[in-house]
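Chemist: First the structure, which I've put down as structure tokens, then a few questions once you've had a look.
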Amino acid sequence: MYTILRGKNTGLYGQEIDFAQRLIQTPSTSLKESGVADCIEREMQDIGYDQVHRDDFGNVIGTMLGHEAAPTILLNSHMDTVNPYTGGVWQAPPYNGKVDGDQLHGEGAADCKGGLAAQVYTGALLQRSLLPLRGNLVVTATVAEENGASIGMRGLLEHTLPELGLMPTYAILGEPTSLGIYYGHDGWMEVDICIDGSATETLRDATRTITEDYTETCTLPSWTEIREVGPILHAGSGRSCQTLHMAHRVVEGKQATAVLEEIDHHVQLAVRPLPDIHAAVAVHKEKQRLQNGRMVTVRHTSNAWTTDPFNRLIERARQALAAADCEVRTGKWKLGRLGMGTAGAMLVNEFGIPTIGYGPGNEDQAHASDEHVACSDIQQAVYGTASIVHALIGVPVCGWTTDEI
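Here you go:
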């Protein structure tokens, strides 16, 4: 079976890289994904997915139906990217999608258009290899992940997939894992600290005290960031107000609600000695308009998540990669910047769906200038993902039992 998969995947290599290039060459910053969604939808139709459509949130869904109603495997990658210039100056245009040797360059190459291309072509590889499926394969490209709330994934899980009768048994994210099996990461939250007082100088003292306290106590990198938002505002009542914006890491074993309470307690202690100063702490919220015009309210908070390392999903993934003669390596995302994350927090914590990440690219390339991914890793991700999917929902072939696949 693996010889068949390898051979067919070699034949698909040119199409895989061409598709990844076209994804990069189509700008798709968060909330502006319609152009790249068109590209993905056409590719799935050309490949021959059983069903391809775009939902009310702008997500693209391609399905390959198995002989039975369950289980269902969800392959997911987000199609949006950050603004390419937030990570620094690029040596080449960020949307050129240039291949230099084995490296494919451009915005989103690692995070995660290389992974998206690999997942879309996982369906193509299984189809070309004539490997029948017992369960269903659902490949999705979601909107609005980089904006910090995985809005597209929420719409997919709350509305689209239930309406299709295809709620996932397991999920695999195409985020960059350097082709390792990743099963969790820390969470994060963004908080608004609103301070008001009758004297401008005292208000400045409060702002400085809170900022300095957090700067001194948080010695770990990427743990807390705090900054002033705009100027001091003067109300007609004679009082003035200042807002601080804080981003804070939420480690495994702690809930975001508990972290919010700790921040509030710390802030109240800081302002208590100052006369006539009041402070309020709340999770940062904002309204955002999706690319299809739908308005949503986003709460910038996410708990840490992890899938049990002994869950069947991880065990079968390890077995499948070993049988396919792929490197088997497990770990968790380190998330070098606050605000970074994956849809795994929502899948695991809110919907109870065991989830792993398996994709090409190094996570250090995410949100960086001159982002790149190895073309050979995209090809390997197609092969590895197809092996995992078939181990979970494939029909045993060539005399192999389910446990031997």
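Converting from the sequence shown to my numbering requires adding 235 to each position, the first position being numbered 1.
Where is the CB? At the ideal position from N, CA and C, for every residue including glycine.
Is the beta carbon of D337 less than 8 Å from the beta carbon of A616?
Modeler: No, the pair does not count as a contact, with Cβ atoms beyond the cut-off.
Chemist: Short of 6 Å in beta carbon distance, which residues of its chain neighbour E598, apart from the five on each side in sequence? Order them along the chain.
Modeler: Within the same chain, E598 has close Cβ partners P411 and W568.
Chemist: When the Cα atoms are used, what is the spatial distance from G246 to S611?
Modeler: Computed Cα separation, rounded: 13 Å.
Chemist: For E639, I'd like the list of residues in its chain whose CB is within less than 7 Å of its CB, leaving aside the five on either flank, ordered along the chain.
Modeler: With a pLDDT of only 45 at E639, under 50, the local geometry of the prediction cannot be trusted, and the value read off the model is given with reservation. Counting only Cβ-Cβ distances below 7 Å, and skipping sequence neighbours, we find nothing.
Chemist: Output yes or no for whether 8 Å exceeds the beta carbon distance between G370 and V378.
Modeler: No, they are not a contact pair.
Chemist: Under DSSP, the alpha helix (DSSP H) around I275 begins and ends at which residues?
Modeler: It spans S269 to I282 - the alpha helix (DSSP H) in which I275 sits, taken as one unbroken run.
Chemist: Can you check whether the CB of G619 is closer than 8 Å to the CB of L186?
Modeler: What is shown of the chain runs 236 to 640, which leaves residue 186 out entirely.
Chemist: Please confirm if the stretch 549 to 557 is in contact with the stretch 421 to 438, defined as three or more CB-CB distances below 8 Å between the two stretches.
Modeler: Short answer: they don't touch.
Chemist: Return the chain-ordered ranges of every alpha helix (DSSP H) run that is complete within the stretch 321 to 365 and spans a minimum of 4 residues.
Modeler: Whole alpha helix (DSSP H) segments, 4+ residues: 349 to 363.
Chemist: On a CA-only basis, which of Q477, S364, S475 and D499 is nearest K243? Give me that one, please.
Modeler: Residue S364 is the option with its Cα nearest to K243.
Chemist: Give the straight-line distance between the Cα atoms of E469 and W423, rounded to the nearest whole angstrom.
Modeler: Correcting the residue identity first, residue 469 is His in this sequence and not Glu. So the two alpha carbons sit approximately 32 Å from each other.
Chemist: Should T437 be listed as close to the ligand SAM, given that the test is whether its C-beta is under 7 Å from any heavy atom?
Modeler: In the structure on display, the ligand SAM does not appear, and there are no ligands present to speak of.
Chemist: Just to confirm, are T450 and L372 a CB contact at a threshold of 8 Å?
Modeler: Result no, Cβ atoms of T450 and L372 do not sit closer than 8 Å.
Chemist: My parser needs the beta strand (DSSP E) runs of 3 or more residues fully inside the stretch 466 to 504; what are they?
Modeler: Correct list: 475 to 485.
Chemist: Can you tell which of R389, C347 and D285 has its C-alpha closest to the C-alpha of M575?
Modeler: If we check each option's Cα against that of M575, C347 comes out closest.
Chemist: Grouping DSSP H, G and I as helix and E and B as strand, with all else coil, what is K522?
Modeler: Residue state, collapsed to three classes: strand.
Chemist: Any idea if T637 is buried or exposed, counting beta-carbon neighbours within 10 angstroms, 16 or more meaning buried?
Modeler: In this predicted model, T637 has a pLDDT of only 49, less than 50, meaning its place in the structure is not dependable; the value taken from the coordinates is given anyway. Exposed, by the Cβ-count rule.
Chemist: Contact between the stretch 283 to 298 and the stretch 394 to 412: three or more CB pairs below 8 Å?
Modeler: Output reads yes: the stretch 394 to 412 touches the stretch 283 to 298.
Chemist: Going along the chain, which residues of its own chain have a beta-carbon closer than 8 Å to the beta-carbon of V563, five neighbours each way excluded?
Modeler: Cβ within range, chain order: I416, R553, L556 and A557.
Chemist: Out of V271, G323, S265 and T478, which one is the CA nearest neighbour of I653?
Modeler: It is not possible to answer for residue 653, since the shown part of the chain is limited to 236 through 640.
Chemist: Give the straight-line distance between the Cα atoms of G634 and T238, rounded to the nearest whole angstrom.
Modeler: Caution applies to G634, whose pLDDT of 49 falls short of 50 and renders its modelled position unreliable; the value that the coordinates give is listed next. Between G634 and T238, the C-alpha separation is close to 15 Å.
Chemist: Which one of S312, R389 and A491 has the shortest CA to CA distance from A641?
Modeler: Summary: the structure shown does not reach residue 641, with the chain confined to residues 236 through 640, and so no result is reported for it.
Chemist: Specify whether the stretch 483 to 490 and the stretch 528 to 546 touch according to this definition: at least 3 beta carbon pairs, one from each stretch, less than 8 Å apart.
Modeler: Judged by Cβ distances under 8 Å, the stretch 483 to 490 makes contact with the stretch 528 to 546, as three or more pairs qualify.
Chemist: Using the C-alpha atoms, what's the distance from M279 back to A376?
Modeler: Spanning the two alpha carbons is a distance of roughly 11 Å.
Chemist: Which residue's Cα is closest to the Cα of T264: P319, L310 and D253?
Modeler: The shortest Cα separation from T264 among P319, L310 and D253 belongs to P319.
Chemist: So the candidates are G587, S385, I308 and Q477; which of them puts its Cα closest to the Cα of G400?
Modeler: Looking at the Cα atoms, I308 is the closest of the given residues.
Chemist: With H, G and I counted as helix, E and B as strand and the rest as coil, what does DSSP make of L240?
Modeler: Helix at L240.
Chemist: Does the beta-carbon of A626 have 16 or more other beta-carbons within 10 angstroms, so that it is buried, or is it exposed?
Modeler: Classification for A626: buried.
Chemist: Taking C-beta to C-beta, are S385 and G432 nearer than 8 Å?
Modeler: Not in contact: S385 and G432 (Cβ atoms no closer than 8 Å).
Chemist: Which residue from E380, E276 and D511 puts its Cα closest to that of R257?
Modeler: Of the listed residues, the one whose Cα sits closest to R257 is E276.
Chemist: What span of residues does the beta strand (DSSP E) with C610 cover, start to end?
Modeler: Per DSSP, C610 belongs to no beta strand (DSSP E); it is in the alpha helix (DSSP H), C610 to I628.
Chemist: Does DSSP put H607 in a helix, in a strand, or in coil?
Modeler: Strand.
Chemist: So if DSSP puts T565 in a beta bridge, which residue, or which two residues, is it bridged to?
Modeler: BP columns for T565 point to I416.
Chemist: What would DSSP say about V632, mapped onto helix, strand or coil?
Modeler: Here V632 sits in coil by DSSP.
Chemist: Grab me the residues of E398's own chain with a C-beta within less than 8 Å of its C-beta, minus the 5 sequence neighbours each way, in chain order.
Modeler: Cβ within range, chain order: n/a, list empty.
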